[in-house]
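Chains as they are written, first to last, in this note's numbering: chain A, 1 to 335; chain B, 336 to 670. Data first, discussion second: the structure below is written as structure tokens.
2 protein chains.
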Amino acid sequence: MKSKITLKELAKLLNVSVSTVSKALHDSPEISPKTAERVKELAKLHNYRPNPVAVNLKRSKTGTIGVVIPNISNSFFARVLSGIEAQAQEKNQQVITYISNESIERERQICDMLTSGLVDGVLIAVSEETQKKQEYDHLFSLVDYDIPLVLYDRINIDIPADKVGVDDEKSFFDATNYFISRGVKNIGLASAIHHVGIGKLRIKGYEKALAGENEQHLACSTVPEELRKKIKSLLTKDKVQALLCTDFESTILATRIAYEENIQVPSQLKLIGYIGREVAEFLTPSLSYIEQHPVEVGSKAMEILNNRLEGNYKPGQFKESIIATSLVHLESTKF
Amino acid sequence: MKSKITLKELAKLLNVSVSTVSKALHDSPEISPKTAERVKELAKLHNYRPNPVAVNLKRSKTGTIGVVIPNISNSFFARVLSGIEAQAQEKNQQVITYISNESIERERQICDMLTSGLVDGVLIAVSEETQKKQEYDHLFSLVDYDIPLVLYDRINIDIPADKVGVDDEKSFFDATNYFISRGVKNIGLASAIHHVGIGKLRIKGYEKALAGENEQHLACSTVPEELRKKIKSLLTKDKVQALLCTDFESTILATRIAYEENIQVPSQLKLIGYIGREVAEFLTPSLSYIEQHPVEVGSKAMEILNNRLEGNYKPGQFKESIIATSLVHLESTKF
DNA sequence: CTGAAAGCGCTTACAG
DNA sequence: CTGAAAGCGCTTACAG
Chain A
1 MKSKITLKEL AKLLNVSVST VSKALHDSPE ISPKTAERVK ELAKLHNYRP
51 NPVAVNLKRS KTGTIGVVIP NISNSFFARV LSGIEAQAQE KNQQVITYIS
101 NESIERERQI CDMLTSGLVD GVLIAVSEET QKKQEYDHLF SLVDYDIPLV
151 LYDRINIDIP ADKVGVDDEK SFFDATNYFI SRGVKNIGLA SAIHHVGIGK
201 LRIKGYEKAL AGENEQHLAC STVPEELRKK IKSLLTKDKV QALLCTDFES
251 TILATRIAYE ENIQVPSQLK LIGYIGREVA EFLTPSLSYI EQHPVEVGSK
301 AMEILNNRLE GNYKPGQFKE SIIATSLVHL ESTKF
Chain B
336 MKSKITLKEL AKLLNVSVST VSKALHDSPE ISPKTAERVK ELAKLHNYRP
386 NPVAVNLKRS KTGTIGVVIP NISNSFFARV LSGIEAQAQE KNQQVITYIS
436 NESIERERQI CDMLTSGLVD GVLIAVSEET QKKQEYDHLF SLVDYDIPLV
486 LYDRINIDIP ADKVGVDDEK SFFDATNYFI SRGVKNIGLA SAIHHVGIGK
536 LRIKGYEKAL AGENEQHLAC STVPEELRKK IKSLLTKDKV QALLCTDFES
586 TILATRIAYE ENIQVPSQLK LIGYIGREVA EFLTPSLSYI EQHPVEVGSK
636 AMEILNNRLE GNYKPGQFKE SIIATSLVHL ESTKF
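Pasting the structure below:
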């Protein structure tokens, strides 16, 4: 039950003023070595730690940053968070986590809270709904309140803020070219996120790589049963020899359909998915995937936010940083 | 650029005192309806919101709670967090997230921070290392500082705190009995977490169900290659007809080895794993699993913490709440 | 070298 | 009904 000791109590015990104690603990040159030592000794004895709330009030800052996550079950975002947290830890900042569950309504509530002065800055990946509706008023309200804002991952939004993204387009451009260079003829693409920004970019990369020379084979739908039908058609009718999947759902669906249709991966069908390592390497056969380096996305976002907070960037000019993906080959792309 | 307006500024604009403004905004009966209205109107116009840091200092609380997570890539913990966050949101509390990465050293640092008064209470699942070493001094220091503490998931620790767990033992007892009742003879168990609390409990459930009547078939190792060998031996030499897996790693390894050894699931081998739905239902064949209801673990932990904070529990007496698991049958246990 | 004072932004007993 | 004062726990210019 060592209830926290305050400066005032320390001062009384030492028979000096609160100011003296405070200065001594901050190694102020104003204080004599002797009293400085006395103060520090007693402070250590009582394990004194300044009340962070009081310090923050005095400094007019909070020492915390807010992170908005659309969906924490998505391991990409979970790992982004871990990158953010690691970075914050080094800088002794606290991370307040908010989960929007892909809902714009919830996102609005969160942004509303955030403008009340709970945090020094905000990292956000906007919800799918927000992207669909393209309503960004709540984000602009953060900007209006001068709360530094960094968008991560879902950055295809016209708003004056720093951004950290993933090179979605290039990842699929490269992956498609990988197959082209190996002489694969029918290359298909499956997507359950064709309607959102990152989905569009990945599809664009695929289309650019094909560049009219090869026929496109697309299976896109947000409805699982629809998507299943379309992928099945790609595999059995179009007989694609390679399939790129833009997201977890389509990836898993594709491996599933191949299994059901008795199509051997990788001998008859090469597969590349957009999923995390934890799952990719444990599928049967193990699945080649595009690694997005989520931890780096998180730490980069945090780094940019801190630079912004420390005034290292010019106001009105914004950073946009893109983290390179890598194509990790496991069994499903063996030739 | 609407920089935040303060009570003082509001007061000046209205030509009243700060106290009057504060009271008016809190619907104090001391204030005349007329001024109350004037104040509220201007407050709304300027979108006034009390500075939470100041309010917290005044109230001597922080309005935030700290959550310590061993490993956020584990979807169980990610979903626990989402349960916590949802509950916190309703109560208008902030959730500060810390990730220990299963390291006791990091956990100590976190607990040290937490004793400085950053949060009103703490929810923690201790790291594996902490469990192994059984060093809980840092947890006791939270207790010493009178910071309410709720352990979740990993609760097999002798410490005066509230706890929310999962009925690990019963889950495996029931699962094993499920097979026994169907006349399955050789029932095996695979584990990569046999050395930690929850692993031990699951194994215990299995052993109790077998109760000497049936032979045990255990494959346990923390070394992937070791575990692989042992599971393979279970499947090919012991020829188990059913296999229970205590964790993600052993579950995936088992499906993998069955595939490689050309053992058909579920006709030749029934499988039950301890993994999340997202992955379970997308494996091939889909994998029956034990659902732990992580979101409920999180919201229950939060509920207990809030009750504790509100003084609804007797000091010195602690709650222990167990969330029931359910066995979800997918393809891998079809008879 | 030390301490009194002001102030961060708020709330609330108390006086008028 | 309104406002001055004290105080939450701290920091820091300023006076002595």
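Note that the Cβ used here is the ideal one computed from N, Cα and C, for glycine as well.
Contact under 8 Å by Cβ, residue i with residue j
| i | j | result |
| --- | --- | --- |
| residue 488 of chain B | residue 501 of chain B | yes |
| residue 540 of chain B | residue 506 of chain B | yes |
| residue 388 of chain B | residue 62 of chain A | yes |
| residue 231 of chain A | residue 219 of chain A | yes |
| residue 191 of chain A | residue 247 of chain A | yes |
| residue 459 of chain B | residue 486 of chain B | yes |
| residue 624 of chain B | residue 608 of chain B | yes |
| residue 499 of chain B | residue 639 of chain B | yes |
| residue 298 of chain A | residue 16 of chain A | no |
| residue 235 of chain A | residue 261 of chain A | yes |
Short CB-CB distance (under 8 Å) between residue i and chain B
| i | result |
| --- | --- |
| residue 82 of chain A | yes |
| residue 4 of chain A | yes |
| residue 267 of chain A | no |
| residue 255 of chain A | yes |
| residue 262 of chain A | no |
| residue 145 of chain A | yes |
| residue 203 of chain A | no |
| residue 324 of chain A | no |
Residue i: contacting residues in chain A (beta-carbon distance under 9 Å)
| i | result |
| --- | --- |
| residue 397 of chain B | 52, 53 |
Neighbour list for residue i in chain A, Cβ cutoff strictly below 8 Å
| i | result |
| --- | --- |
| residue 431 of chain B | 64, 94, 95, 96, 97 |
| residue 391 of chain B | 53 |
Inter-residue CB distance, residue i and residue j (contact presumed, cutoff 8 Å)
| i | j | result |
| --- | --- | --- |
| residue 99 of chain A | residue 417 of chain B | 5 Å |
| residue 67 of chain A | residue 97 of chain A | 5 Å |
| residue 128 of chain A | residue 196 of chain A | 6 Å |
| residue 605 of chain B | residue 577 of chain B | 4 Å |
| residue 296 of chain A | residue 252 of chain A | 25 Å between Cβ atoms; not a contact. |
| residue 5 of chain A | residue 20 of chain A | 16 Å between Cβ atoms; not a contact. |
| residue 440 of chain B | residue 461 of chain B | Actually they are not in contact, since the Cβ atoms of residue 440 of chain B and residue 461 of chain B sit about 13 Å apart, beyond 8 Å. |
| residue 35 of chain A | residue 24 of chain A | 6 Å |
| residue 227 of chain A | residue 255 of chain A | In fact, because the Cβ distance is near 13 Å, the residues do not count as touching under 8 Å. |
Backbone secondary structure at residue i - three-state DSSP
| i | result |
| --- | --- |
| residue 275 of chain A | coil |
| residue 157 of chain A | coil |
| residue 72 of chain A | coil |
| residue 530 of chain B | coil |
| residue 633 of chain B | helix |
| residue 371 of chain B | helix |
| residue 180 of chain A | helix |
| residue 46 of chain A | coil |
| residue 98 of chain A | strand |
| residue 289 of chain A | strand |
| residue 415 of chain B | helix |
| residue 445 of chain B | helix |
| residue 103 of chain A | coil |
| residue 270 of chain A | strand |
| residue 138 of chain A | helix |
| residue 552 of chain B | strand |
| residue 659 of chain B | coil |
| residue 251 of chain A | helix |
| residue 125 of chain A | coil |
| residue 336 of chain B | Reliability of the predicted coordinates at residue 336 of chain B is poor, the pLDDT of 47 falling under 50, and the value obtained from them is presented with this limitation in mind. In the structure shown, residue 336 of chain B sits in coil (DSSP, three-state: anything other than H, G, I, E or B). |
Contacts of residue i in chain B (Cβ-Cβ under 9 Å)
| i | result |
| --- | --- |
| residue 259 of chain A | 619, 620 |
| residue 299 of chain A | The contacting residues do not exist; residue 299 of chain A stays about 13 Å from chain B at best. |
| residue 291 of chain A | Result: empty, since nearest Cβ-Cβ is about 14 Å, beyond 9 Å. |
Residues that residue i contacts on chain B, provided the C-beta gap is smaller than 8 Å
| i | result |
| --- | --- |
| residue 25 of chain A | Result: empty, since nearest Cβ-Cβ is about 14 Å, beyond 8 Å. |
| residue 79 of chain A | 407, 408 |
| residue 49 of chain A | 450, 451, 452 |
Test: residue i CB closer than 8 Å to a CB of chain A
| i | result |
| --- | --- |
| residue 452 of chain B | yes |
| residue 336 of chain B | Because the pLDDT of residue 336 of chain B is 47, which lies under 50, any placement of that residue in the model is unreliable, and the number read from its coordinates should be weighed accordingly. So, interface residue. |
| residue 666 of chain B | no |
| residue 464 of chain B | no |
| residue 420 of chain B | yes |
Chain-ordered neighbours of residue i on chain B, where CB pairs are closer than 7 Å
| i | result |
| --- | --- |
| residue 278 of chain A | 408 |
| residue 252 of chain A | 617 |
| residue 90 of chain A | Neighbours of residue 90 of chain A on chain B: none; closest Cβ ~11 Å, over 7 Å. |
Under 7 Å by beta carbon: chain A residues contacting residue i
| i | result |
| --- | --- |
| residue 470 of chain B | Within 7 Å Cβ-Cβ: nothing; residue 470 of chain B doesn't reach chain A, min ~19 Å. |
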